[in-house]
Ligand code: DX5
Ligand code: ZN
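In our numbering, the protein residues as written are 417 to 636.
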């Protein structure tokens, strides 16, 4: 069982409900990249705009917060159509408390690590985590190249989840996921895949979601 989560970062911002509807039949979750121009050098949506997008989304939403002081803000993104809220380890003062606050809102709790953050920081938090996000680019922009050298982090996280019997904890990769890279991330142990430009630069985004799924799971 894998999940494909299109990111609308590189979609047409003038018609986000329409862009989301294009993948609603084939994708599992919509990935919403919230950037504050502080934690990352880019700005996307404030809380009000995020709320508007989440409420209008035809898919449950996987919120990726690339914002500073995530502890303060994370729980505010728990709208009815929010499925999960992911905070960056680097942006939290008390990651455990923040993850538990997300769960207390009835949402899946996610923790993300930037490329230079060792995966070991999440190990002691595993009991509070519903999804680990291993960034496979520096957060901030879509369309960057997949960092294959992040695969040992994915493999290590997969090993912990197996060893501890945490079969409901998802393992996500985000950045540069496309047909040439998704299989590598799948084989390393990822089960949840964000794809932005690969999906929205394709003439048929829904078809690309299916192609990505087939490529990850191919048997030969
Ligand atoms: C990057 C964002 C990603 C981005 C992925 O900071 O977190 O979700 O949209 O875009 P692609 O798939 O184009 O690398
Ligand atoms: Zn993202």
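Even glycine gets a Cβ: it sits at the ideal position worked out from N, Cα and C.
Heavy atom of the ligand ZN within 7 Å of residue i beta-carbon
i: residue 610; result: yes
i: residue 480; result: yes
i: residue 449; result: yes
i: residue 510; result: no
i: residue 423; result: yes
i: residue 546; result: no
i: residue 590; result: yes
For residue i, the three-state DSSP class (helix, strand or coil)
i: residue 454; result: coil
i: residue 423; result: strand
i: residue 482; result: strand
i: residue 582; result: coil
i: residue 562; result: coil
i: residue 460; result: coil
i: residue 603; result: helix
i: residue 597; result: coil
i: residue 573; result: helix
i: residue 437; result: helix
i: residue 619; result: coil
i: residue 511; result: helix
i: residue 634; result: coil
Beta-carbon proximity check, residue i vs residue j, cutoff 8 Å
i: residue 587; j: residue 544; result: no
i: residue 447; j: residue 476; result: no
i: residue 605; j: residue 570; result: yes
i: residue 549; j: residue 514; result: no
i: residue 512; j: residue 546; result: no
i: residue 580; j: residue 542; result: yes
i: residue 628; j: residue 595; result: yes
i: residue 484; j: residue 520; result: no
i: residue 560; j: residue 526; result: no
Cβ-Cβ separation, residue j to residue i (assumed contact under 8 Å), whole Å
i: residue 492; j: residue 450; result: That belief does not hold up - the Cβ atoms of residue 492 and residue 450 are roughly 11 Å apart, past 8 Å.
i: residue 518; j: residue 497; result: Between residue 497 and residue 518 the Cβ distance is about 15 Å, and since that is not below 8 Å, they are no contact.
i: residue 531; j: residue 566; result: 6 Å
i: residue 505; j: residue 454; result: Residue 505 to residue 454, Cβ: 16 Å. No contact.
i: residue 458; j: residue 557; result: 6 Å
i: residue 487; j: residue 509; result: 5 Å
Contact with chain C by residue i, beta-carbon distance below 8 Å
i: residue 609; result: The structure shown contains no chain C, having only a single protein chain.
Residue(s) in a DSSP beta bridge with residue i
i: residue 528; result: 504, 549
i: residue 608; result: 419, 588
i: residue 446; result: 477
i: residue 498; result: 477
Residue i beta carbon near the ligand DX5 (any heavy atom closer than 7 Å)
i: residue 455; result: no
i: residue 426; result: yes
i: residue 596; result: no
i: residue 522; result: no
i: residue 461; result: no
i: residue 614; result: yes
i: residue 526; result: no
i: residue 555; result: yes
i: residue 470; result: no
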